[in-house]
Amino acid sequence: MRTTSTVYMLTGISIGTIMVTSSNSWMLAWLGLELNSFAILPLISKTKHPRSIEAATKYFLTQSTASCLILFASTINAWQTGTWTITQMPDKLPSTLMLIALTMKMGTAPMHLWLPEVMQGTTLLTSLLISTWQKIAPMVLIFTTSNHLPSNIALIMGLLSTYLGGWGGMNQTHLRKMMAFSSIANMGWTLMTLTSEPKLSMINIMTYMLLTTPTFILLAQTSTKTLQDMTTMWTTSPTSSITLTFLLLSMAGLPPLTGFMPKLLILNELISQNLTAASIATTMASLLSLIFYLRISYLTSLLNTPNSSTSTTKWRQNMNNLKMAQMTPTAVMSTTTLPTLYL
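Going by numbering that gives the first Met the number 0, the sequence shown opens with residue 0, and the numbers climb by one from there.
What follows is the structure, given as structure tokens:
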């Protein structure tokens, strides 16, 4: 019964995203966003724990507020232009309200405070959906309207997200909150070139999804939720420990791993747009994120050497073949895509 309800919810999430990506009207896009938001609520609260109920409530209130802003902005735009077409938004007021609403749905600073709490209150796989799939629909709408969005506001929100995401993740011990702040910081990189080179922003967000998917699957398979659990991963799954280390370093943007490529392209675009100060500030902000990525990598692979476990309760993990089949190609692509570009 639980499996059937999960399939129904995942189907609703997929249909909502497809409706948004294929629509040309703000009303149809708004309906798709609402379907997307309501379908994931049972998945967030399915553990029947007060923390998950709290997370579902916070998610519902935040998404409802963002949806009201979207409807308000699209109504103002329709009143001014006489059409509900997504691509026609010439006035600054509705375009600014739309940018704020869509970034609120994705968890971008300064409307980011709901994301760490929601991801901490749900399961790892549901957190994966929130940090990857749920960003597709708002990101498509932002990409469609990128030529009408205010560039200064997008740049400021991008800088705030990179700094707040880095600062917020430094003092965390729970991996889900740490990944939430990592998502906030990455959304900042995405917003930096949103108005000048939107295709580059799409490359960055897709690369982040490619990196995040195997990371969450590995954490779920090894039942790793805190930094303390990372110190014993060698004894349960040495291969997963090594793979997770490379994934984290790739998310940090260290060359020659895949995560370095979009960050380098974004910095190059900022410099070409005579935004050298913004590129320097973004580079300095990436060092904040690098600190907690290296912290996890150190606890995962450098603190303890591979050895046999003396525990009588924690045994080596038996990986599910289906989930491993999903994780393997994404893990390989997230760590080796950039080196193959040089060949």
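Even glycine gets a Cβ: it sits at the ideal position worked out from N, Cα and C.
Rounded C-alpha distance that separates residue i from residue j
i    : j    : result
T3   : T281 : 45 Å
W314 : T107 : Bear in mind that a pLDDT of 46 at W314, under 50, signals an unreliable position, so the model cannot answer this.
M18  : L27  : 7 Å
S160 : G168 : 12 Å
I152 : Y297 : 37 Å
S310 : Q227 : Low confidence applies to S310: its pLDDT is 49, below 50, so where it sits in the model is not reliable, and the reading given next is rough at best. Near 15 Å, if we compare the C-alpha coordinates of Q227 and S310.
Q62  : L248 : 32 Å
W78  : F71  : 11 Å
E397 : E196 : Nothing can be reported for residue 397: it is not among the residues displayed for the chain, which extend from 0 to 342.
N35  : G11  : 7 Å
F259 : N267 : 12 Å
G187 : M105 : 11 Å
S355 : S288 : No statement about residue 355 is possible, as the shown extent of the chain runs from 0 to 342 and does not include it.
M103 : L158 : 15 Å
L30  : T221 : 37 Å
T230 : L293 : 14 Å
T20  : T144 : 13 Å
A65  : T121 : 21 Å
T80  : T125 : 39 Å
L112 : T299 : 28 Å
I14  : M8   : 10 Å
N170 : I295 : 12 Å
Bridge partners - residue i, DSSP secondary structure assignment
i    : result
H173 : T225
T84  : S24
Cβ-heavy atom distance, residue i to the ligand NAD, below 6 Å
i    : result
M201 : Ligands are entirely absent from the displayed structure, and the ligand NAD is therefore not among its contents.
Residue i - containing alpha helix (DSSP H), residue span
i    : result
L210 : 197–220
K91  : 91–105
M119 : Per the sequence shown, residue 119 should be read as Gln rather than Met. Where Q119 is concerned, the enclosing alpha helix (DSSP H) stretches over 113–119.
P261 : 259–271
L287 : 275–296
A251 : 237–251
Residue from the options whose Cα sits closest to the Cα of residue i
i    : options                : result
I135 : S94, L101, L199, T230  : L101
M118 : F215, R175, T206       : R175
F180 : I43, M110, L60, K57    : M110
A184 : S130, M8, A219         : S130
L128 : I43, P237, I279        : I43
L209 : L193, T235, A284, W132 : W132
M97  : S285, G164, T121, F142 : F142
L114 : P49, I75, M177         : M177
P93  : I204, I216, T16, T74   : T74
F37  : T46, K57, L256, H48    : K57
G344 : A55, L40, L286, G15    : Here the chain comprises residues numbered 0 to 342, so residue 344 is not present and cannot be evaluated.
T242 : W166, M88, T214        : T214
D90  : P149, P49, H48, E33    : P149
T211 : T5, A284, F245         : F245
L68  : E33, K45, Q87, P49     : E33
S24  : A55, T84, H48          : T84
H173 : M191, T223, K47        : T223
Tell me the start and end of each unbroken beta strand (DSSP E) in the segment 54–82 that is at least 3 residues and wholly inside, in chain order.
-> none
Which residue spans inside the segment 126–190 form an unbroken alpha helix (DSSP H) run of at least 4?
-> 135–143, 150–169
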